[in-house]
Each structure stands twice: as structure tokens, then as C-alpha cells.
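Q:
Protein chains in written order, with the working numbering: chain A, 66 to 322; chain B, 23 to 344.
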């Protein structure tokens, strides 16, 4: 099987975000970049599928500036076979990214499955998997908790609201957007980290995958930090008094209950 | 005046209040407000859409729309939009809205601003702000070019308007070619709790690792149930196995903006704060007076959750009975 994983590099969730001098973006100084958490489940699922289907390959793709190659290497160290980096600017929107990934996948001889995270931990827009499905004319199931693989397609369990789960059948090629809980991602072993350094990462430019400025539909601007909160009210007393006073304040002052 | 289309969302025969928020905002700004209603046997819901501001309801009924699928929804929405010259298309940023709207945007060649928390429709152009890095920063979304603008809007961001039951809408029946779908919904397995989803609830009561066990979350559930709210959890509580991941609030869980967020025994890691700091009113209850959660709390109680939370349930119950 020809298995692909689309990944994104994002700031570590521990990162304290600061803005750049013109508020046109964040200050990259001091940011530790990581493979987006949900993408780890996507990589793991691809590796497990390859293990069950000898002869399969797992290719990792990422579209972004040169720094993202480091996260492609992280996925290679987990066990993926090879990588593709598509050079796009920092400010590329979800549409450009999806077009670029689709363009790169269309160059491949055959695509059976494409795994992604259910969203990336930077803008959390959750757009790319469904956009990719449109541009590849493929099936797509998002927020996936479990997959049964058949000879011609998949049966996937998708999380919806209130703990409900939809069971969805789709034929290959299919895009699966992974939710936490799909599996338990492995750690890269030291030998695999060494091996990953020698694996091939193909370099593509925007023009190679048919992406132009016209594909950029939106842009983020005027970045702001959330306004600092005023110090709140501390409620003193014994538990019964505290509870009574809190409920009074929520009812009479805040008027939210 | 702009032509604004709102894709209505319903589950189990009831419209979502987040749909009413979108209709209300469009109608209040004086725009020509259209609703798109999809499903099978859902024609009755059109009346309620009118009460909240829809002047025209585009109704597409098809067996393929009985159970939601992104593909069928996108095809049906696009069949309504093509030739209707929309200026703005809105949906809620729910598990459903965030799933099908990228496909609609791709088919219409439009830009899509996801998960917007501030939306202005003044002057007929959509101005939207959305969180990035799970709310550690907020950005303005600029739409490039003058084409149709699309957005998904976070539940509770706009507020539900008062319905006007005297209002009626023109019903326009439409059809869509829904053949050749690549996915098939085999079944929908319902959640057991009956509580609202943590992302849609107007009140969320959350617990942390200091709850010490899954069983002790019963007292959090009790408070949530008195208030008609949802139960949330910190990552630590989820990792300890006290709650399922779907309840996790934070950067690697759900990002929520309820009217009231009550954090019980949650210290407030940066990732957790990122997931709930846009809540309108925040209450923190924690034994550690130095816990970071108190920095974002409007009301704080330094104390033992096991002593306070059961009392809280009683006090809320008294107020609800009045």
C-alpha cells in the first residue's frame, strides 16, 4: 500500500507566545518547534498499517518554511520511509497548504491512504484534511477514533458532539484525520533517529505542485495578546459561606445563573 | 445590504442555538438573511429559523441528508449557493460545521475563517477575529480579493437573540445531485450522558486531578446537571483516566467559551488556560492560593473542593428552584 502522512510543525504547547515588533505575527525567538500532537497519531497509524501490510511504504509530507524539515525527520525517526518537503512561506493559508499537499500527492503513482491530524495546534482551523479531499477527489473521515482496514476501503469511527460516534464506510483513496485515542504513538529509538538522518526528503517548490499566490484566500493580521484579566474577587469564610456567597455573586453581580 | 447565508444545524430534530446566534447577528445588522436547511423530514424547522431572523429558507430534503456527512452537506449547500450570489456564508464551528465548511469553501473558491470569536457584518463585509495558538493570541482575518467570504463561528460568541414568533420566511425548495458520494454513514452511536457538548454548553463545570478518582467526578456532574451544563476536565484528569478525552479542555483538547466556567481543583497549566480563558465568567476553586488558575478567575475560592463543591450544588439548586 502507498501510505502518506501530512504533518505540520507547530510551537510547543508550553511556549509563551510573544508578538513581533509590527504585530504581523509571532516572535519566533525562543520557540521550540514540535511535530503537532495530533499528527503523531497520524504517523503512528500509518506505521501500524505498514507493519500489517508488508511491502507498503509510508511517506511524510509537510508544506512550510525550511524549519519544517526537522519535523519530517521526527516522523522519519518514528519509522516513516521517506519525506517530501514543499517550500511555502510562513504565512501560507490552509488553502495554499492543502493545494500544495494535493499537488505533491498527485505526482505519486498511487495513493491509498492519507493520514493527517484532526487539526494543527497552531491555528486549529481543521481545514486541510477536507480541503485535501476536495483537491484529490478522495473520501475523508475526520476526528477518527478507530479504523478497520478492508481490502478496498475502511470503516472508521468518528467522534461527534456529546460523546456520540458515527461509523463511516469509505473506499480508497481515503483521508483519515486522527483524533487523540486512535493509538498510542511510539517514541523514536536512538538507532532510528540516526537512520532518519540518512532517509531521503524530496524538495519541491510551490510552482512544482501548481500553487500560486492566487491560492492564498485569507491572511492573519493585527495579532494581539489576550487582554490581561483584572484580579478577581477572593471569597473567604467556611465552605458553606463561600458556596453561598459565590452563588449570590454569580446570580446578582455576574448574572450568569 | 449584503446577502448572508447561514447553514442551519440540527440534531435529533432540534435546531442548534448556535444557528440562532448567526441568524440573529445577520438580521440585526440589517442584511438579507437566508437560511439553508438540509435533511429529511425537517421542513417544520423552517418556521423556527424565521423566528430568529431568516427571511428566506432554502430547503433541501433528500434521503442522503438524513444522516449528516460532510460530502453530502457540502454538495447540497453549494447547489443552493451557486447562482444565488451570496456575499457571506456562515456556519457554526461545531463538529459538523468545521467538517463540511472547508469543502464548501473549496467548491466556491472562497476563503474560510474558522472558529471566529468576534464577527462584525457592518457594511456588508465580514470582519472576523479568531484565536491562534489556542487563544494565546487573537488575529484579524483578512480576506484576499472581493469574492464570497465564509466563516465558522464559535458557539456562544454572538449570543442568542430573542425569537419573534410573528415572523415568517419564504420557503424555497431546492434539490441537489447527491449521487456518487464517497462515504457512507453506517450508524450513529449516541453518547450516554445526555449533557450538552463541552464546546456548545453555556456553562461548563470542570475537574482536575485533585478529584482523585473517576467516581469523585460524580460531584462535578451533579453541579453540571443542576445548571444544565457540561462536564469538562483538565489534561491531568484525562491522562489519569478519570474522564474520556472528549471532555478535555485545553490546547490538546476542546477550546471553550461558555458564559460560566467553573474550574474545580484545576491548577491552570498554560495549555488549560489557553482552552478556557475566553469564557465570560471564570470561577476557580483550589487549595493552592498561588495556582495560576486564579490569575484568570473572576471569582476565586481558596479551599477544599470536597468540602465546597457539594455545598455549591445545594446553593445552585436553591436558586434554580426559585
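All C-beta atoms, glycine included, are put in the ideal place defined by N, C-alpha and C.
Note that the coordinates shown come from a computational prediction; the quantities given were computed from them, not determined experimentally.
#1: Would you call the region 201 to 216 of chain B and the region 50 to 68 of chain B in contact, with 3 or more CB pairs under 8 Å?
#2: Apply the 10 Å Cβ neighbour rule to residue 38(B) and answer buried if 16 or more other Cβ atoms are within range, or exposed otherwise.
#3: Give the range of the alpha helix (DSSP H) segment to which residue 41(B) is assigned.
#4: What are the start and end residues of the beta strand (DSSP E) that includes residue 152(A)?
#5: Look up residue 143(B) in the DSSP assignment and say whether it is helix, strand or coil.
#6: Using 8 Å as the threshold, is the region 308 to 320 of chain A in touch with the region 26 to 41 of chain B, meaning 3 or more CB pairs across them?
#7: In chain order, what residues of the region 49 to 74 of chain B put their CB closer than 8 Å to some CB of chain A?
#8: Write down every uninterrupted run of the beta strand (DSSP E) in the region 193 to 243 of chain B whose length is 3 residues or greater and which is fully enclosed by it, in chain order.
#9: Determine the DSSP secondary structure at residue 323(B), reduced to helix, strand or coil.
#10: Indicate the three-state DSSP secondary structure (helix, strand or coil) for residue 23(B) in the structure shown.
#11: Per DSSP, which one or two residues make a beta bridge with residue 4(B)?
#12: Within 8 Å of any Cβ in chain A, is that where the Cβ of residue 317(B) sits?
#13: Report yes or no: do the region 264 to 272 of chain B and the region 230 to 242 of chain B share at least 3 C-beta pairs separated by less than 8 Å?
#14: Quick one: what's residue 270(B) bridged to in DSSP?
#15: In the DSSP assignment, find the unbroken alpha helix (DSSP H) run with residue 70(B) in it and report its ends.
#16: What are the residues in the region 134 to 149 of chain B lying within 9 Å of chain A by C-beta distance?
#17: Run through chain B and tell me which residues come within less than 7 Å of residue 289(A), C-beta to C-beta.
#18: When DSSP builds the beta bridges, which residues end up paired with residue 333(A)?
#19: Just the chain A side, please: which residues come within less than 8 Å of residue 292(B) by C-beta, in chain order?
#20: Would residue 242(A) and residue 194(A) be called neighbours here (beta carbons separated by less than 8 Å)?
#21: Is residue 155(B) close to chain A? Criterion is C-beta to C-beta, closer than 8 Å.
#22: Residue 116(A) to residue 309(B), Cα distance in whole Å?
#23: If you pair each beta-carbon of the region 160 to 180 of chain A with each one of the region 104 to 115 of chain B, do three or more pairs fall below 8 Å?
#24: Below 8 Å, can you find three or more Cβ-Cβ pairs linking the region 159 to 175 of chain B to the region 120 to 133 of chain B?
#25: Applying the 10 Å Cβ sphere with the 16-neighbour rule, what's the burial state of residue 178(B)?
#26: By the criterion of Cβ-Cβ separation under 8 Å, what are the contact partners of residue 85(B) in chain A?
#27: Contact between the region 256 to 276 of chain A and the region 209 to 221 of chain A is defined here as three or more beta-carbon pairs at a separation below 8 Å; is this criterion met?
#28: Does any residue of chain A bring its CB to less than 8 Å from the CB of residue 341(B)?
#29: Would you mind sorting residue 255(A) into buried or exposed? The rule is 16 or more other CB atoms within 10 Å of its CB.
#30: As a quick exercise: from 322(B), 71(B), 342(B) and 213(B), pick the residue whose alpha carbon is nearest that of residue 189(B).
#31: May I ask you to report which of helix, strand or coil DSSP gives residue 114(B)?
#32: Helix, strand or coil: which one does DSSP assign to residue 66(A)?
#33: From the DSSP secondary-structure annotation, give me the bridge partner or partners of residue 266(A).
#34: Select from 144(A), 147(A), 165(A) and 143(A) the residue whose C-alpha is nearest the C-alpha of residue 153(A).
#35: Which residues of the region 248 to 268 of chain A have a Cβ closer than 7 Å to any Cβ of chain B? Give them in chain order.
#36: Using 10 angstroms around the beta-carbon of residue 184(A), count the other beta-carbons present and answer buried if the total reaches 16, otherwise exposed.
A: Put simply:
#1: no
#2: buried
#3: 39 to 50
#4: 147 to 152
#5: coil
#6: no
#7: none
#8: 205 to 211 and 225 to 229
#9: strand
#10: coil
#11: With chain B covering 23 to 344 only, the question about residue 4(B) has no answer from this structure.
#12: yes
#13: yes
#14: 255(B)
#15: 67 to 73
#16: 134, 135, 136 and 137
#17: 159 and 160
#18: Nothing can be reported for residue 333(A): it is not among the residues displayed for chain A, which extend from 66 to 322.
#19: 78, 79 and 81
#20: yes
#21: yes
#22: 48 Å
#23: no
#24: yes
#25: buried
#26: Within chain A, no residue comes near residue 85(B); the closest Cβ sits about 16 Å away, beyond 8 Å.
#27: no
#28: yes
#29: exposed
#30: 71(B)
#31: strand
#32: coil
#33: 148(A)
#34: 165(A)
#35: none
#36: buried
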